[in-house]
Amino acid sequence: METQSLLYLLVGVLAFGFIVPQLLEFLQVYHPSRKIPDTLAEYLSLTKLEESKSYQRVNFNFKVITSSFTFLLTLLCVTQGWFGAIDTWIVSFGHSPLMNSLLFFGLIYVASDVLSLPFDYYRTFLIEEKFGFNKTTLRTFFLDKLKAYALSLLIGGGLMLIFLWLVHTMGPQFWWQFWLLAGVFMILVNVGYTAWILPLFNTLTPLAEGEVRDKLLQYASKVDFSIQHIFVMDGSRRSAKANAFFSGLGKQKKVVLYDTLLEQHTPEELVAVLAHEIGHYKKNHLKWSMLISLLQVGILLFLLGQVVFSETMSMALGGSSWSVQLNILGFTMLFAPLSMILGIGMNWLSRKHEFEADHYAKETFGGKPLAEALKTLSVKTLSTIHPHPWYVFVNCSHPPLLERLKRLEEE
Ligand SMILES: [Zn+2]
7 METQSLLYLL VGVLAFGFIV PQLLEFLQVY HPSRKIPDTL AEYLSLTKLE ESKSYQRVNF
67 NFKVITSSFT FLLTLLCVTQ GWFGAIDTWI VSFGHSPLMN SLLFFGLIYV ASDVLSLPFD
127 YYRTFLIEEK FGFNKTTLRT FFLDKLKAYA LSLLIGGGLM LIFLWLVHTM GPQFWWQFWL
187 LAGVFMILVN VGYTAWILPL FNTLTPLAEG EVRDKLLQYA SKVDFSIQHI FVMDGSRRSA
247 KANAFFSGLG KQKKVVLYDT LLEQHTPEEL VAVLAHEIGH YKKNHLKWSM LISLLQVGIL
307 LFLLGQVVFS ETMSMALGGS SWSVQLNILG FTMLFAPLSM ILGIGMNWLS RKHEFEADHY
367 AKETFGGKPL AEALKTLSVK TLSTIHPHPW YVFVNCSHPP LLERLKRLEE E
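With the working numbering applied, the sequence shown corresponds to residues 7 to 417, in that order.
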């Protein structure tokens, strides 16, 4: 492909990645909403519905501003050859090719993070604050930033180093070698997330003895599911939004409940939430999603292998000679539409899994308490009750609330 045509392709792909998501968001936010359904009448008032709509709109307007900013900046960098200029400048210091790649990505990472900082700040302390979700303090906000930096330097930087080393020394063979490593890494993260990463950001305390704990354990043993620990996480330190999840494989399984979840739900509802999570486990959903993610990483690396040694990409981005880092950057832009299509597939599967986990909870514990829990959760988080079907198709990993309730509440 000619340098000029590749440049046009890049611009086209960037425009696609900017316009399509905005359009879907627009359809979603301005989707005419009907009246409050009977099943939610007790949970939702008209004022709450209005509040929810205004929350969606404020978020949409904000997103339009941030993504326009990112889009225009990226467009300028690509069409004006600024990425290439940065690369030429770094190479001029005469470090090794590996060092050049590391410096290039380090610089891009820091620059994009610094540029997005004001937006992050605005979202957390003005939007989330206004709607009563924000619980984080300035101190926690900046400490989180620092910890995230340290973590990405240690883990991201480490992985990047290995990856770039393989590209520079192994040539076209790098893709399957890194794929193997990435696979091992993904399993390690899955097993160690609760033990190693989570405690850096939150405090986990074992759930105190009492009715809730007894009921959870009683249910778990009824369905023959061994839990090693039930932890309560201080989610309320940052946000009023609640959640529960699971981590670990085999005997190392841990259940983590947000303290906000414990405050908002009855013991019955909490057991139903746990039953849903156990449903995911029993139906092998975690293993399937992991396998598919692994496959996706394989495809990504294989395709990257086809682009990374091309001189055309480096030139299209304004480089003065063949450059691994420019090619990788160009590839991530080209890959975006394909990643959107893969995402649609992943979301479809995930919605199917959600229904299956709901079904499991309904069969082994009861549909009603889970339905109640879902109502409380989605009303509190101000999520849309009448989402646009296209938006759901592309973006949602969970089925719309009303569809889940319909299945849970029917006899
Ligand atoms: Zn689920």
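C-beta atoms are modelled at their ideal positions from N, C-alpha and C, and glycine is treated no differently.
When C-alpha distances from Gly372 are compared across Ala278, Trp328, Trp88, the shortest belongs to Ala278.
Tyr14 is classed as exposed because its beta carbon has fewer than 16 other beta carbons within 10 Å across all chains shown. The shortest C-alpha to C-alpha distance from Gly162 to any of Leu292, Leu108, Leu323 is the one to Leu108. Here the distance from the Cβ of His282 to the nearest heavy atom of ligand 1 is below 8 Å.
Around the beta carbon of Arg63, a 10 Å sphere encloses fewer than 16 other beta carbons of the protein chains shown; the residue is thus reported as exposed.
Under the DSSP definition of a beta bridge, Ile236 partners with Val261.
Leu408 and Gln179 have their C-alpha atoms some 49 Å from each other.
For the options Thr130, Phe75, Asp265, Phe77, the alpha carbon positioned closest to that of Thr209 is the one of Asp265. With respect to the 9 Å criterion, Phe315 and Trp328 are classified as neighbours on the basis of their beta carbons. Per the Cβ contact rule, the stretch 348 to 359 is not in contact with the stretch 386 to 393 (fewer than 3 Cβ pairs under 8 Å). One thing to note: Met339 has its Cβ within 9 Å of the Cβ of Gly23.
The beta carbon of Glu317 lies closer than 8 Å to those of Ser327, Trp328 in the same chain, with the five residues before and after it left out. For Leu380, same chain residues with a beta-carbon under 7 Å away, outside a window of 5 residues either side, are Leu407, Arg410, Leu411 in chain order. Contact between Thr143 and Gly325 is ruled out by a C-beta separation of about 44 Å, above the 8 Å threshold.
When the beta-carbon positions are compared, Phe125 and Phe68 come within less than 9 Å of each other. Gln183 is positioned such that its CB atom lies closer than 9 Å to that of Leu172. For Thr80, the enclosing alpha helix (DSSP H) begins and ends at 52 to 85. Relative to the Cα of Val313, the nearest Cα in the group Phe337, Lys358, Leu300, Trp185 belongs to Phe337. An exposed status is given to Tyr36, since fewer than 16 other beta-carbon atoms sit within 10 Å of its beta-carbon.
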